[in-house]
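Undergrad: In my numbering, the protein residues as written are 1 to 170.
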């Protein structure tokens, strides 16, 4: 890995980008950046509140700005993105060409079992598995287009998932 390269974790909502990202950054001794967390702090609102009160379009603009800030630094970092960051064509190009984009994958069933719909506004009041499958069908091409690596963590524990992602980076 290029020591001045950002590692950007992309993938479906609830796949584990945040937990994997935190652990990877500790193992690698680099800064950890969580795009959604940074948005919530700066906006003084939870992501679901921003989307519900101000609309998804406003949220995506805020997300893009925060993503741009995260990748502009010269020091290596591990960046956990929101699942929809790849909906923006420019973000996809940046992830593909200027970072080590890693698509974290897991089965829809596993994601549905661990996801908390209260904090996932796009999944609230829906059949989780159907909505996740629809999101997968809509976004999978974009995830594949954006990444340099795909890591399937289906049926793995968090520890095993972290180890698998880390081994792919080396």
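Even for Gly, the Cβ is constructed at its ideal location relative to N, Cα and C.
1. Could you give the uninterrupted runs of the alpha helix (DSSP H) lying entirely in the stretch 85-145, keeping only those of 4 residues or more?
2. Between which two residues does the alpha helix (DSSP H) holding residue 24 run?
3. With a Cβ-Cβ cutoff of 7 Å, do residue 149 and residue 164 count as a contact?
4. CA-CA distance, residue 55 and residue 17?
5. Measuring straight from C-alpha to C-alpha, what distance separates residue 157 and residue 26?
6. Per DSSP, what are the beta-bridge partners of residue 78 in this structure?
7. Do you know how far the Cα of residue 5 is from the Cα of residue 48?
8. Expressed to the nearest angstrom, what Euclidean distance is found between the alpha-carbon atoms of residue 195 and residue 52?
9. Hey, out of 41, 99, 143, 170, whose CA is closest to residue 84's CA?
10. Going by Cα to Cα distance, which pick from 155, 166, 112 is closest to residue 136?
11. According to the Cβ coordinates, are residue 62 and residue 70 closer than 7 Å?
12. In whole angstroms, what is the alpha-carbon distance linking residue 29 and residue 152?
13. Have a look at 11, 34, 22, 12 and flag the residue whose alpha-carbon is nearest the alpha-carbon of residue 162.
14. Can you tell me where the beta strand (DSSP E) holding residue 170 begins and where it ends?
15. Anyone know if the C-beta pair for residue 91 and residue 67 falls short of 7 Å?
16. Using the rule of at least 16 other Cβ atoms within 10 Å of the residue's Cβ for burial, across every protein chain shown, is residue 9 buried or exposed?
17. How would you write the range of the beta strand (DSSP E) that residue 149 sits in, first residue to last?
TA: The relevant details are as follows:
1. 89-98, 108-114
2. 17-28
3. no
4. 24 Å
5. 18 Å
6. 7, 32
7. 31 Å
8. Missing from the structure shown is residue 195; the chain here goes from 1 to 170 and no further.
9. 143
10. 112
11. no
12. 24 Å
13. 22
14. Per DSSP, residue 170 belongs to no beta strand (DSSP E) and is neither H nor E.
15. yes
16. buried
17. 149-152
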